[in-house]
Amino acid sequence: MKISSSVFASFCLMIEISGIALFLRGFFPAPIKSSFSSKTKLSDLPAEPLTGNNPNSSTILVPLFHRVVIVLIDALREDFVFGAKGRQYMPYTQHLVEWGSSHSFVAKARAPTVTMPRIKALTTGSIPGFIDVVMNLNSPVLLEDNLLWQAKAIGKRIIFYGDDTWIRLFPKHFMEYDGTTSFFVSDYTEVDNNVTRHLDSTLKRDDWDILILHYLGLDHIGHLSGPHSSLIGPKLLEMDDILRKIHSSLTSQETEGSLPNLLVLCGDHGMSETGSHGGSSDPEINTPLVLISSAFKRKVGMDNPGTVEQVDVLPTLALGLGLPISQNNVGCLISPVFEHTSLRDQLRFMHLNSFQLICLLKDSTPNFQKEEGYEQFHFAEKSHGNWIKLYLEGNTSEVLSNLGRKVLRQYVDALKALSSALSKQLGKYDMYSMIVGMVLVLQVLMALLLAMPEALSRGAEVEIPLTSSLLSLPFYMLWLLCCSIHVLVCTSAGSSCYLCNLSWIPALAAITTFSAMLCVLLSMAGRKLASGAKTGTKNVNGSGFSELDVLLLIGTLGNVISLGSSSFIEEEHQTWYFMINTLCLVIFQDVCCKYFRERRNSSDDDSYLASKQDLPSLLSPISEQGIGSHKWLALSTPLLTLACCRLLRSLNQTGVQWMHLPDLSHWLNRWEHKAELSLLSAASLLLIFFFVQKCCSLVSKIALALGLLGVYSYRAAVGNVLFPWQLGSRDISKGTVEARFVYIFILGILFTGSKDLLRSQVITADSRLKSRGLWEVYSGIVLLCALLFRPHNLPVLACSLLIQTTMAQYIWKELQYDAAQTTIMHYWFGQAFFYFQGNSNNIATVDISAGFVGLESYLAIPAIFLTAFSTYSGPLLWACHLVCYLSSAQDSWNPASVGHGCYCFALLRSIPTVVYIILVTALRYHLFIWSVFSPKLLYEAMHTLVTTVVCIFFTAMDQNHIGQS
Amino acid sequence: MRDLEFNIKGMVSAHAIIASSIFIATLMPHFFAEKYSVIGTHLVWLYSVSGSVAVVNITIFWLLGISPPPKKHTLSYKVSKVVRSCLHFIASCLFFHVVLVLYGATLLESALETFSLAVLLSSFTTLRCLCVLGPNVQAWIRVFSREGAMSIWDTSLQITTACTVIGTWVGAFPIPLDWDRPWQVWPISCSLGATFGFLTGLIIAPGWIYWHRKQLTYKCK
Chain A
973 MKISSSVFAS
983 FCLMIEISGI
993 ALFLRGFFPA
1003 PIKSSFSSKT
1013 KLSDLPAEPL
1023 TGNNPNSSTI
1033 LVPLFHRVVI
1043 VLIDALREDF
1053 VFGAKGRQYM
1063 PYTQHLVEWG
1073 SSHSFVAKAR
1083 APTVTMPRIK
1093 ALTTGSIPGF
1103 IDVVMNLNSP
1113 VLLEDNLLWQ
1123 AKAIGKRIIF
1133 YGDDTWIRLF
1143 PKHFMEYDGT
1153 TSFFVSDYTE
1163 VDNNVTRHLD
1173 STLKRDDWDI
1183 LILHYLGLDH
1193 IGHLSGPHSS
1203 LIGPKLLEMD
1213 DILRKIHSSL
1223 TSQETEGSLP
1233 NLLVLCGDHG
1243 MSETGSHGGS
1253 SDPEINTPLV
1263 LISSAFKRKV
1273 GMDNPGTVEQ
1283 VDVLPTLALG
1293 LGLPISQNNV
1303 GCLISPVFEH
1313 TSLRDQLRFM
1323 HLNSFQLICL
1333 LKDSTPNFQK
1343 EEGYEQFHFA
1353 EKSHGNWIKL
1363 YLEGNTSEVL
1373 SNLGRKVLRQ
1383 YVDALKALSS
1393 ALSKQLGKYD
1403 MYSMIVGMVL
1413 VLQVLMALLL
1423 AMPEALSRGA
1433 EVEIPLTSSL
1443 LSLPFYMLWL
1453 LCCSIHVLVC
1463 TSAGSSCYLC
1473 NLSWIPALAA
1483 ITTFSAMLCV
1493 LLSMAGRKLA
1503 SGAKTGTKNV
1513 NGSGFSELDV
1523 LLLIGTLGNV
1533 ISLGSSSFIE
1543 EEHQTWYFMI
1553 NTLCLVIFQD
1563 VCCKYFRERR
1573 NSSDDDSYLA
1583 SKQDLPSLLS
1593 PISEQGIGSH
1603 KWLALSTPLL
1613 TLACCRLLRS
1623 LNQTGVQWMH
1633 LPDLSHWLNR
1643 WEHKAELSLL
1653 SAASLLLIFF
1663 FVQKCCSLVS
1673 KIALALGLLG
1683 VYSYRAAVGN
1693 VLFPWQLGSR
1703 DISKGTVEAR
1713 FVYIFILGIL
1723 FTGSKDLLRS
1733 QVITADSRLK
1743 SRGLWEVYSG
1753 IVLLCALLFR
1763 PHNLPVLACS
1773 LLIQTTMAQY
1783 IWKELQYDAA
1793 QTTIMHYWFG
1803 QAFFYFQGNS
1813 NNIATVDISA
1823 GFVGLESYLA
1833 IPAIFLTAFS
1843 TYSGPLLWAC
1853 HLVCYLSSAQ
1863 DSWNPASVGH
1873 GCYCFALLRS
1883 IPTVVYIILV
1893 TALRYHLFIW
1903 SVFSPKLLYE
1913 AMHTLVTTVV
1923 CIFFTAMDQN
1933 HIGQS
Chain B
2 MRDLEFNIKG
12 MVSAHAIIAS
22 SIFIATLMPH
32 FFAEKYSVIG
42 THLVWLYSVS
52 GSVAVVNITI
62 FWLLGISPPP
72 KKHTLSYKVS
82 KVVRSCLHFI
92 ASCLFFHVVL
102 VLYGATLLES
112 ALETFSLAVL
122 LSSFTTLRCL
132 CVLGPNVQAW
142 IRVFSREGAM
152 SIWDTSLQIT
162 TACTVIGTWV
172 GAFPIPLDWD
182 RPWQVWPISC
192 SLGATFGFLT
202 GLIIAPGWIY
212 WHRKQLTYKC
222 K
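Here the protein sequences line up with chains A and B, keeping their order. Quick note on numbering: the first sequence equals residues 973 to 1937 in the working numbering. Quick note on numbering: the second sequence equals residues 2 to 222 in the working numbering.
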C-alpha cells in the first residue's frame, strides 16, 4: 500500500497519541483510597485497648471544642504571618502567635500547590494525585470520606463563605453559603468584601457550629504583582482586622462551663517569588497554621514554629471536634494541640489515629505486616492496654505518668512510620501500561525513521507493507504471543493495571494494533536491509552537510539529550533562545556568503546564475538598484530577527532560577504605566493588521480591522488599557460583549477562508484561491491569538508576524532552503515563541484567564480549548505559517514540499516525546519527578496533541494538491 | 611541497609560542597580585591573557613577516594602517559585545564583564586576522567564505577562529544549570571555553593542514 508521506505522518502521530495516553494513564498513580466506598461511622471506632476485660472502657468521642472558625487565606505564605511582613502588617495575629493562647506551625503543602488539591488535602487528609491539577478547572463533587461529611452526619451546622470551589466539592453540606469565583484574577477587593459582608451578622448568631471562610484576594494580588507588591500590606492588614474581629467575638461568647471555641488560620499554599504557585519551591509549600483557643496554655514569648504536614490538620480537627478520622487520611495528629487534655485522652486520640492509618495500610498494601509501623503500632497498643489497666486500678503515681509518656512516644513513632509508608505508596506506577505505551510510541518513531528516505524523496510517498504483513504467518504468531503475555501479566499482577481492567474488545484492539505495528516495522526494516545490501556502497557520496544542516542536527539532538537533566528542563527556554540566536547568525553567514560571493564571482561563476534562473519565484527583471536594496534587506533580516528575539526575551522572565527578576511585563503591568501599555498594544495591533492584511480578500481585511479594534476595546473594557478619549475612571466589566463581537469576526474570517479552500479544491483548482483561503484561515487564528493574549504579550504576536514575513520574503525563498530545513526552523521558532509568551515547563505559568474571555461563567469545554490554544499559540502560529508557506512553495517550485514538511514536523515532535517518555520511565524514582518531570511530560503530551491536529490540517492541504494533479 | 612543510614547521613553533604565552599569562599574576585565582579574580586573568596573546601575536607575525606587503612605504601610510587596525579592533570588540547581548547577556548590569569577554574574543580572533590580513575587509570576507583560503595561514585563521567561537558557544551551556558553582558566573565559563577552544584550534590547525596537505591547493601559491 502506497500512501503519501503526510498521511503516513498523521497516522503515526495518531497512534503515538494513543500510546502517550496509555503511558500517562499508567504513569500518574491513582491516589490511595481505601476500597470501601462507605464512610467511617462513629460506631465503627475501636475501643480503647485493654488487657483483660473491663466494662469501663469507652468508645464515645468527646469533642474538645464547641465552635470552630476556619479562616483559609489563599496563597498565605509562611512569612506573611511569622516573618517580617507579619510583624509589620499582621500585628494582632503576631501578638496572638507570640503571647496568646495559641499553637503555631509551618504546614508543608505537597506539590502540586494548586487550590483544589489543597482543599482536598485539608478536608480528606489524603494527598491528591498530580492529575488532580488538570481537573482543577472543573471540580467534581468530592465523594471520598471527608471532614465536612462527618461533621454534617453528626448534626453539626456548617456555614461557608468564599471560593466557590468548596461549593462544587461539597454541594449539600452547608447550611448557608455564598461563593465567589476565583477566575477574575484582576479583582482583589470585591472578592474578599463578598466574604466579609456576612461576617458580622454570622458571628452574632449562635445557630452554627463550623464557619469556614476562604479569602481569595491575596492570591489574586500575588498573581497580579507578586509577593513584594505594595498591595500585599493593606490586604494583610485587612485579614488581620478580620481575625481580630472573629477572635474577640469567639472569646466573648465563651461562657463558664461551656467548651472553648477554636479559631484556625491557615493557607492552602504559598506563593513563589513571582507570585505564582503550583510548583514545589519552599515559599510555595510553606504555609502558616495557627490554632487559637482559650483552651491552650498562654505562651510566653515567641519560639520558632514547628513543622507539620498539611494533611496533619485533618486528624487534628476531626478529633478536636469529636469526629471519626476520614478513611483516606495519611496525616498524623499534631500532638501539642492536645497537650491540655488528660493523658488518657491523648493516648486515646493517638490510638484512633494510628488505628485508622493501619486500616488504610492494610487496604492498600498486600504485605502490610512487613511494614515497620505495623509492628510499632502493635507494640504501642499493647503497652497502651497495660497502661489503661494500671490507670483503672487507680494508680496515680509518677510511674504511671512516665509510663504514659513512654507509650505516647511509641505511638508518635508508629504514626510517623505509618504515615511515611503510606506516602511512599504514591510513587507506585502501573508499569504494564507504561511499558505498552512506551513500546507503542517507540514503534512509531522507528517507523518514521525507517521511512525517512522514501518520505523525503521527490514523490513523497511511503510504501507500507500493510496487507502483506497482515496476511503473513508472523503476524498471527505475534498476535497470539501478545495475547498470551497479556493474559499472563494480568493474571499475575492482579487488578492494579489499567490495561487489565479494560473490557476485552479494546484490549484486543490494542493488542492487534501493537502486533500489526511490530509486523509492519519488521517488514519495513527487512526491506531496508535488503535494499541497503543491494545498493551497498553506491549511495555513499560525500554530499556534505552545510553549516546550517550541522546546526539543525546538533540543535535537535542536543535539545533531546538535555531533557535528561532536571535543571535543563526548568530552564529549557534558555536552550531554545540560544539555538535560535545561533540559527540567525548562521543564516546571516549564509546570506553574506551568497551576496558577497555572488558579486565577486559574477563574471566567472555562471552555474550560480543558471541555478537562479530555475527559480521562478524571483521576479526576473529586477533593476540593479532593486537587487541592491533587496540585498540589504536580506542582510538585515537575520539581524532584525536577533534584535526582536532579544527584546522578547526580556519581556517575560520564565523558568525557575531567574523567574523573580524584574522584566518588562511587570513594568508594563503596573498601573502607573497603563498609558505605555496602551500605546504598545495599540502599536502591536496596528503592526499585526499591517502584516496580516496583505494577502486577504477585501471582506476579510475589513473584518480583520474591526476584529482588532474589538480586541482593543475588549482590553479597555476589562481595564487593562486606556481609551485615549476616556481618560477618566471607567467601570470595569467582564467585556463579554466586546469579546463576543471579536469572536463573530474570527468565525467570519475562518468561514471565508474555508469556503475559499473548498472552492479551490472542488470547483476551480485555482492555486491562488487556495493560498488566499489558507492565509485567511491563518489570519483568523492570528486574530484569536490577539484576543486571548494579555496586552503586554501583543508585541510577541507582532514580532512573530514580522519575523515570519521578512524571513519568508528574503531568506527562505531566496536561499532556496528545502522543505525539511524550513520546517525545522519553523519548529524552533515555534518553540522559542512558546517561551517568549511567558510559558515554562511548570504548570503554574499556564494563563487560565484566557479561558474566560467572552464567557459569562465557567464552561468546561470552551475554557479548556481557549486555554490550550493560548498556551500553544506560539508553536501553532508557526505551524500554520509553515502550511501557508509550503503550500505556496508547492504551487510554484517544489511539488512535494507539503508532504515533506508534514513528515518532518511529525518526526521533530516524535523524537523528543519518545526520548522523554523513555527518560521519565528510567528516572521515575528521581527526586524531582513530580515537580519537574511530570509537568514537562504533560506539556509534551499536549504539544503532541496540538501537532497531530496541525498534521491533519497539513494532510488535508496535501490531499488538495494530490486531487488537483 | 618542501616549502609547505617548512611553513607548517614555522606555524607549529609560532602556535607553540602563543599557547605557552597563554599559560605564562595565567601563571604570571600570581607573583604580582595577592589572592589571585583564575575564577576568583577572573577579570585580571582575562586581561592578562588577552594582553599577552595580543603582544605575542603582533610580535610573531611582525617577525615572520606574513602580513601582506605594504603598497607604500611612507610613514603616513603605515600610521594610517595602524590607526585603521585599531579601529577595526574596537569595532570587532563592539560587534562581539552586541552579539553577546543578543545572546542574552544583561544589557547594563554586567556590561564590564561582557565587554571584557568581547575583548578576549577579539584578541583571539580579530587580532590574528589583522596581523595576517591587515585591515582589509574584502580579504577577510574572502578568507571566511568557503574555499577562500589562499595560504596555510588563512586556513589556520579559519580553524582557530572557528574553534574559539565554538568554544565560547559550548561554554555558555552550563550557565543556566542550578549547580551554584563559582565557574558558572558570567562570563567565566564562556571565557574559559573560548580559551580552551583557541588552544585546541592552535593544536589542530597545523595537524589538519599537514594531514590534508595533498588536497590543499592554494590558488596563488
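Yeah, the Cβ is synthetic: ideal placement off N, Cα and C, and Gly gets one too. These numbers were taken from a predicted model, which means no experiment stands behind them.
Where does the unbroken beta strand (DSSP E) through leucine 1659/A begin, and where does it stop?
Start at 1 with the first residue of the first sequence, and residue 1659/A comes out as number 687. It is not in any beta strand (DSSP E) - leucine 1659/A instead sits in the alpha helix (DSSP H) that spans 1646-1664.
Say whether chain B places a C-beta atom closer than 8 Å to the C-beta of serine 1539/A.
For the purposes of this step, residue 1539/A is taken as residue 567 along the first sequence, with counting starting at 1. Closer than 8 Å to some Cβ of chain B, the Cβ of serine 1539/A qualifies, so yes.
Terminal residues of the continuous beta strand (DSSP E) containing aspartate 1135/A?
Residue numbering aside, residue 1135/A sits at position 163 when the first sequence is read from its first letter. Its beta strand (DSSP E) spans residues 1130-1135.
Within 8 Å (strictly less), CB to CB, does aspartate 179/B reach chain A?
Position 178 of the second sequence, counting from 1, holds the residue named residue 179/B. Yes, aspartate 179/B counts as interfacial toward chain A.
Should phenylalanine 1142/A go down as buried or exposed, given a rule of 16 or more other Cβ atoms within 10 Å for buried?
Start at 1 with the first residue of the first sequence, and residue 1142/A comes out as number 170. That one is buried.
Going by C-alpha to C-alpha distance, which of Phe1900/A, Asn1276/A and Pro1021/A sits closest to serine 1539/A?
For the purposes of this step, residue 1539/A is identified with residue 567 of the first sequence, where counting begins at 1. Comparing Cα-Cα distances from serine 1539/A to each of Phe1900/A, Asn1276/A and Pro1021/A, the minimum goes to Phe1900/A.
Nearest by alpha-carbon distance to glycine 1536/A: which of Trp1800/A, Leu996/A, Lys1908/A and Ala1758/A is it?
Translated into positions along the first sequence, residue 1536/A becomes position 564. When only C-alpha atoms are compared, the closest one is Lys1908/A.
Less than 8 Å between the C-beta atoms of leucine 1120/A and isoleucine 1130/A, yes or no?
Taking the first residue of the first sequence as position 1, residue 1120/A is located at position 148. Taking the first residue of the first sequence as position 1, residue 1130/A is located at position 158. Yes.
Comparing the C-beta of tyrosine 1549/A with each C-beta of chain B, is any distance below 8 Å?
Here residue 1549/A refers to the residue found at position 577 of the first sequence. With 8 Å as the cut-off, tyrosine 1549/A counts as an interface residue toward chain B.
Among Cys164/B, Ser157/B, Ser93/B and Ile91/B, which one has its Cα closest to the Cα of leucine 193/B?
On the second sequence, residue 193/B is found 192 positions in, with the first residue counted as 1. Comparing Cα positions, the closest option is Cys164/B.
Can you tell me whether DSSP reads threonine 1863/A as helix, strand or coil?
Your numbering for residue 1863/A matches position 891 in the first sequence. Correcting the residue type first, residue 1863/A is aspartate in the shown sequence and not threonine. It is helical.
Is it buried or exposed for isoleucine 61/B, if we count other Cβ within 10 angstroms and need 16 for buried?
Here residue 61/B refers to the residue found at position 60 of the second sequence. So isoleucine 61/B counts as buried.
Can you tell which of Ser1672/A, Trp1850/A, Ser1812/A and Glu1544/A has its C-alpha closest to the C-alpha of glutamate 1748/A?
By one-based count along the first sequence, residue 1748/A stands at place 776. For the residues Ser1672/A, Trp1850/A, Ser1812/A and Glu1544/A, the minimum Cα distance to glutamate 1748/A belongs to Ser1672/A.
If we cut at 8 Å on Cβ distances, does isoleucine 1594/A have a partner in chain B?
Here residue 1594/A is taken as the residue at index 622 of the first sequence, counted from 1. Low local confidence applies: a pLDDT of 45 at isoleucine 1594/A is under 50, so the model's placement there is unreliable, and no value is given.
Report the CB separation of glycine 1345/A from leucine 1390/A in whole angstroms; it is logged as a contact under 8 Å.
Within the first sequence, numbered from 1, the residue matching residue 1345/A stands at position 373. Within the first sequence, numbered from 1, the residue matching residue 1390/A stands at position 418. With a Cβ gap of about 4 Å, glycine 1345/A and leucine 1390/A count as contacting.
Could you give the C-beta distance for serine 1869/A and methionine 1929/A, rounded to a whole number, given that I count them as a contact under 8 Å?
By 1-based counting over the first sequence, the position of residue 1869/A is 897. By 1-based counting over the first sequence, the position of residue 1929/A is 957. No, serine 1869/A and methionine 1929/A are not in contact; Cβ-Cβ is about 11 Å, not under 8 Å.
Thinking C-alpha only, which one of Trp212/B, Pro207/B and His213/B is nearest methionine 12/B?
Walking along the second sequence from the start, residue 12/B turns up at place 11. Of Trp212/B, Pro207/B and His213/B, the residue nearest in Cα terms is Pro207/B.
I'd like to know if the segment 993-1000 of chain A and the segment 1255-1265 of chain A are in contact, where contact means that at least 3 CB-CB pairs between them fall below 8 Å.
They do not touch, by the three-pair rule.
Between the segment 1515-1529 of chain A and the segment 1488-1501 of chain A, are three or more C-beta pairs nearer than 8 Å?
Taking 8 Å as the limit for Cβ pairs, the verdict is that the segment 1488-1501 of chain A does not touch the segment 1515-1529 of chain A.
Which residue comes first and which comes last in the alpha helix (DSSP H) that contains cysteine 1757/A?
Stepping through the first sequence from its first residue, residue 1757/A is reached at position 785. Where cysteine 1757/A is concerned, the enclosing alpha helix (DSSP H) stretches over 1739-1760.
Taking 8 Å as the cut-off, decide whether the C-beta atoms of leucine 1848/A and leucine 1760/A are in contact.
Position 876 of the first sequence, counted from the start, is the residue given in the question as residue 1848/A. Position 788 of the first sequence, counted from the start, is the residue given in the question as residue 1760/A. Contact flag unset, no.
Going along the chain, which residues of the segment 132-144 of chain B sit with their C-beta nearer than 7 Å to a C-beta in chain A?
Within the segment 132-144 of chain B, the residues whose Cβ lies closer than 7 Å to some Cβ of chain A are Ile142, listed in chain order.
With respect to the beta strand (DSSP E) encompassing glutamine 1236/A, which residues constitute its N-terminal and C-terminal limits?
Mapped onto the first sequence, residue 1236/A falls at position 264. Sequence inspection shows valine at residue 1236/A; the glutamine mentioned does not correspond to that position. First-last of the beta strand (DSSP E) with valine 1236/A: 1234-1239.
Could you have a look at aspartate 179/B and say whether DSSP puts it in helix, strand or coil?
Here the question's residue 179/B lines up with position 178 in the second sequence. Residue state, collapsed to three classes: coil.
Helix, strand or coil: how does DSSP classify serine 1538/A here?
As a working note, residue 1538/A is residue 566 in the first sequence. The answer is helix: DSSP assigns serine 1538/A an H, G or I state.
Using the three-state DSSP reduction, which class does glutamate 1281/A fall into: helix, strand or coil?
Residue mapping note: residue 1281/A aligns to position 309 of the first sequence, counting from 1. If DSSP states are grouped into helix, strand and coil, glutamate 1281/A belongs with the strands.
Just the Cα atoms here: how many angstroms apart are isoleucine 210/B and leucine 1501/A?
Indexing the second sequence from 1 puts residue 210/B at position 209. Indexing the first sequence from 1 puts residue 1501/A at position 529. When rounded, the distance between both Cα atoms is 38 Å.
Starting from the Cα of leucine 1529/A, find the closest Cα among Leu1879/A, Gly1376/A and Ala1770/A and give me that residue.
Start at 1 with the first residue of the first sequence, and residue 1529/A comes out as number 557. Measuring from the Cα of leucine 1529/A, the nearest candidate turns out to be Leu1879/A.
Count the other CB atoms within 10 Å of the CB of serine 1355/A; is the residue buried (16 or more) or exposed (fewer)?
Within the first sequence, residue 1355/A is the residue found at index 383, counting from 1. Buried, because 16 or more other Cβ atoms sit within 10 Å of the Cβ of serine 1355/A.
Any idea if isoleucine 1013/A is buried or exposed, counting beta-carbon neighbours within 10 angstroms, 16 or more meaning buried?
Locating residue 1013/A in the first sequence gives position 41, where the first residue counts as 1. Note that residue 1013/A corresponds to lysine in the displayed sequence, not to isoleucine. Lysine 1013/A should be labelled exposed.
Can you give the Cα-Cα distance for alanine 1675/A and leucine 1766/A, rounded to whole angstroms?
The residue you call residue 1675/A lines up with position 703 of the first sequence. The residue you call residue 1766/A lines up with position 794 of the first sequence. Taking the straight line joining both Cα atoms gives about 19 Å.
Mapping DSSP to helix, strand and coil, what is isoleucine 1182/A?
The residue labelled residue 1182/A in the question sits at position 210 within the first sequence. Strand.
Given that a residue counts as buried once 16 or more other Cβ atoms are within 10 Å of its Cβ, and exposed if not, what is lysine 1092/A?
In the first sequence, counting from the first residue as 1, residue 1092/A sits at position 120. Result: buried.
Does DSSP classify proline 1084/A as helix, strand or coil?
In the first sequence, counting from the first residue as 1, residue 1084/A sits at position 112. If DSSP states are grouped into helix, strand and coil, proline 1084/A belongs with coil.
In the DSSP assignment, find the beta strand (DSSP E) that holds glutamate 35/B and state where it starts and stops.
The residue given as residue 35/B occupies position 34 in the second sequence. Element bounds for glutamate 35/B: n/a, residue is neither H nor E.
Roughly how many whole angstroms lie between the Cα atoms of glycine 52/B and aspartate 1562/A?
If you number the second sequence from 1, residue 52/B lands on position 51. If you number the first sequence from 1, residue 1562/A lands on position 590. The straight-line gap from Cα to Cα measures roughly 33 Å.
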